[in-house]
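In the working numbering, the protein residues as written are 2 to 310.
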Amino acid sequence: HQDQPQPLLDTAASLGPDLFLFLGDNIYGDTRNMKELQRKYDMLGSKPEFKRLASSTRLLAVWDDHDYGANDSGRHYPKKAESKEIFCEFFHEPADSDRRKHEGIYHTIFYGPPSRRLQIIMLDTRTFRDDLLPNDHQGFHKYDYMPNPSPDSTMLGAQQWAWLDSILRLPASVRIIMSSTQFAHEYNGYESWTNIPHEQEKMLETIRRTRASGVVFVSGDVHWGELSRLNSPGLYPVYDLTSSGITSTWDKPEPNINRIGDVVMENNIGLIGINWNQEPPLLSFFLRDNLGRTRVEHQVSLNEIGFSR
């Protein structure tokens, strides 16, 4: 939240990361007034903690609902084009970036030499997403939303799905998919990929079809931290490191049969380390709390999250 101190950004900067990934709700905008939205971005940008982080590493970002413009909003938010312009300017998206040439903020970059190529995939889970299906309170569903069985409902939209299929075929050893909402957890009634289960399955099938090795997700939104692992037939385990939030907390976590280790209810940051000098290379997932303590740690070798050639 732009009004709150953000000491965890200093913690992140002190770790010396190659990249820092903002996963949405980067501000609480919640407005159709673009001057107000800009004012709130300016508040974030003026914070000393943000400035120190931005000067120490490269920032990459996607948005979620509150910085997109409205709580739980999707494709019907009327100011999405104007909001995108403010977002791109704030995060210094180059004028000739492909990101500025299409609707939405989805994008990809590559980092590192060919033998150690990291692909960062920035998804837009707002611009094209259909409204979610409200909970009818007739079954086991809880909280706000129930899974939508309609094959016409979408999370990413046809244009973004086609783009994702193409960029997953590009060579990379590790692919980090930035999703503003959780992907690999158990349904809990809040916003996530589990609200549109056929889109979640489409993502898994896209990874299978493109034979894209080394895919892991990072997500935010829920105001707690956890590591989830989703097993799907014919595919390697898909990990999702959820880190949330920088300023906000929640009173209790939701059950998650896919969770590995503890849940972190304090403010937290996530960290992914890649040891390229080990054979096979090793991925390490961490969650660190507001006191700098490592609360979750899990390691995976690259041969565990890939296809045999």
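No residue lacks a Cβ here, since even glycine has one placed at the ideal position from N, Cα and C.
A Cβ-Cβ contact shorter than 9 Å links PHE129 with GLU104. A Cβ-Cβ distance of about 20 Å is found for the pair ASN276 and ARG230, leaving them out of contact under the 8 Å criterion.
DSSP places LEU292 in no alpha helix (DSSP H); its state is neither H nor E. Excluding sequence positions up to five before and after GLY158, its CB lies within less than 6 Å of the CB of PHE129, all in the same chain and listed in chain order. Within the same chain, Cβ atoms closer than 7 Å to the Cβ of SER249 are found at HIS2 and HIS224, the five residues on either side in sequence being excluded. In the DSSP annotation of this structure, HIS199 is not part of any beta strand (DSSP E); the continuous alpha helix (DSSP H) holding it starts and ends at 198–211. Of the candidates THR295, LYS80 and ILE247, LYS80 places its Cα closest to the Cα of GLN39. A straight line joining the alpha-carbon of LEU171 with that of MET123 spans about 15 Å.
Here the alpha carbons of GLY307 and GLU187 stand approximately 23 Å from one another. The region 56–67 makes contact with the region 18–28, as at least three CB pairs between them are under 8 Å.
For THR243, the enclosing beta strand (DSSP E) begins and ends at 239–243. Counting C-beta atoms within 10 angstroms of its own C-beta, HIS108 has 16 or more neighbours from the protein chains shown and is therefore classed as buried.
Residue pairing by DSSP puts SER302 in a beta bridge opposite LEU283. GLU37: member of the alpha helix (DSSP H) spanning 35–47, first to last residue.
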